[in-house]
Amino acid sequence: MRGADDDGSKRARDLRQAQTEAEARLWARLRDRRLGGAKFVRQHPVGAYITDFACRDRRLIVELDGSQHADSAHDRRRDAWLTSQGWRVLRFWNAEVFKNLDGVLQTIHAALSSPRGRGEAFVPLVGGEGSPKGGGEGVIPDETPPVSPPHPRLPPRGVPDKGDTALSPRAGRGERAPPSARHVSREAGRIRDHDHPERRAMTTSTDLLALLAPARLRGRLLPDHPLADLTWFRVGGPAQVLFTPADEEDLAAALATLPAEIPVTVIGLGSNLIVRDGGVPGLVIRLGGKAFGSVAVEGETIRAGTAVPDVKVARTAAEAGLDGLAFYRGIPGSIGGALRMNAGAHGGETTDVLVEARGISRDGTLRTYAHAEMGFRYRHSGVAEDVIFTGALFRGRPGEREAIQAEMDRVTAAREAAQPIRERTGGSTFKNPDGAKAWQLIDAAGCRGLTRGGAQVSEMHCNFLINRDGATAADIEGLGEEVRRRVRETAGVDLHWEIRRIGRPAA
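What follows is the structure, given as structure tokens:
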């Protein structure tokens, strides 16, 4: 047995002398103990294996792939054995070290700060290659560097079994889940089962980042990120973690990795939304970028990502001479919200023009929903609430561009004349009950101009609430509940919220 130990030590020494450039770069940053004081050693023997880097007191191993570990089957056997011995394993491509070393270090720190680590605060590293630049209107602020390294589209390390196809439990056209989602689901499952035997509820953003670390997400992860500026009301607390996925594959990987009990919330343009003052627990997803924000004309159809504003779909259709979608000009939201609530205005609804939609379920399964499967009714879709829509195909009909533009102008003028569009508002507050108009019931109950804190029922259109003067989310939601109470007393009608309310009240 001693001979085996001696042999392992000799191999470790040989590997130290033959370090790759990626290993040398990472070691130069790990050896200074800046990651919460964690002490790493390099080329550390564990059983029959030589690990690249190991933190022995926190039982964490970091491996670099791309030259020393190209055999995925070997990697899976190796990781399974290391996990059985109480180690956690993080793997990175060599390219990630070169392109975004700070992102790699952030991911390692998140794992060190998980429940098995001591959780010391990490001072973000300054000036790394991966520090993002840019910004502008409608862009999530870039002050915080990405926590998981946004690596390029490298091939997945694990090759899934040929029969490993994830199908939605609902009937319909199932599609093979993205390779990274299937691979991550298996890898992360081992880590979760070992680290969280009781599958306890998450308590901090650091806990959540540690769970997401094995997914090696390419999108942006922002812990404890304010959400108020992402909503039209400009109120509300932070997201525990805000995630902007790079594409469908990235989104599927995140969903497949997270345990089922971790809440996932999706936000769009924030136009028909109240974020409560205590913030939103779990993972908050905001779709954006080219993958979810593009729109294209395909004959008499229009394909759009769910981050595309409704008005852009209307404008694209008009420019292409396609009639039937002009009603979207009057809806201040995005296509994702339109699919979820069968959005409509000025005589048109989403159900009138939709051909099919794409969505990803909570387990990371991507599939296509035909119109008949959407279960549309007034301001409602029957698709499971945990499905995140990613794209849609709409059908128009040939028309005269001048006539379509005239209809768009009419919709715009009607909206500007009747709605407080220049106020901080969330659009229509309550759904119209059967046979009645919500605004008429609210007006009859004496609620026009009613205030609570900094919130007010609009004088212009009393089915709109506005943030008049520094309102809190509690002011706005409380005012809405008071309106509901008065309408119930005067008309015997229960108004139902059209505005979506998420998160928890302030403590």
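Using full-length UniProt numbering, the letters of the sequence shown map in sequence onto residues 1 to 507.
Think of the CB as a built atom: it goes at the ideal place given N, C-alpha and C, for glycine as much as any other residue.
The model shown is predicted, which means the values in this text are computed figures rather than measured ones.
For T429, the closest alpha carbon among the candidates A418, D224 and N272 is that of N272. Non-local C-beta neighbours of F40 in its own chain, meaning closer than 6 Å and more than five positions away in sequence, comprise L30, F53 and C55, ordered along the chain. Under the three-state reduction of DSSP output, Y378 falls in the coil class, being neither helix nor strand. The C-beta of P214 has 16 or more other C-beta atoms within 10 Å across all chains shown, which makes the residue buried. When secondary structure is reduced to three states using DSSP, R276 falls in the coil class, being assigned neither helix nor strand.
Residues G268, L269, S271, N272, P309, D310, A343 and G427 of the same chain have their beta carbon placed closer than 8 Å to that of G333, with the five preceding and five following residues left out of the count. The beta carbons of A254 and L283 sit closer together than 9 Å.
According to the DSSP assignment, H109 belongs to the alpha helix (DSSP H) that extends over L101 to L112. Judged by DSSP secondary structure, I442 falls within the alpha helix (DSSP H) whose first and last residues are A438 to A444. With contact defined as three or more Cβ pairs closer than 8 Å, the stretch 448-456 and the stretch 469-485 are in contact. Non-local C-beta neighbours of R340 in its own chain, meaning closer than 6 Å and more than five positions away in sequence, comprise S381, ordered along the chain. Around the beta-carbon of A256, 16 or more other beta-carbon atoms lie within 10 Å, marking it buried. Ranked by how close their Cα comes to the Cα of R218, the residues D75, T107, G324 and Y49 have T107 in first place.
Under the three-state reduction of DSSP output, G47 falls in the coil class, being neither helix nor strand. Buried is the label assigned to S205, since at least 16 other Cβ atoms lie within 10 Å of its Cβ. By the Cβ-count criterion, R42 is buried, with 16 or more other Cβ atoms from all chains shown falling within 10 Å of its own Cβ. If you draw a straight line from the Cα of L212 to the Cα of N463, it comes to about 41 Å.
Taken atom to atom, the span from the alpha-carbon of A246 to that of V383 is near 24 Å.
CA-CA distance, E261 to A22, rounds to 37 Å. The residue from H225, I421 and R33 with its alpha-carbon nearest to that of I331 is I421.
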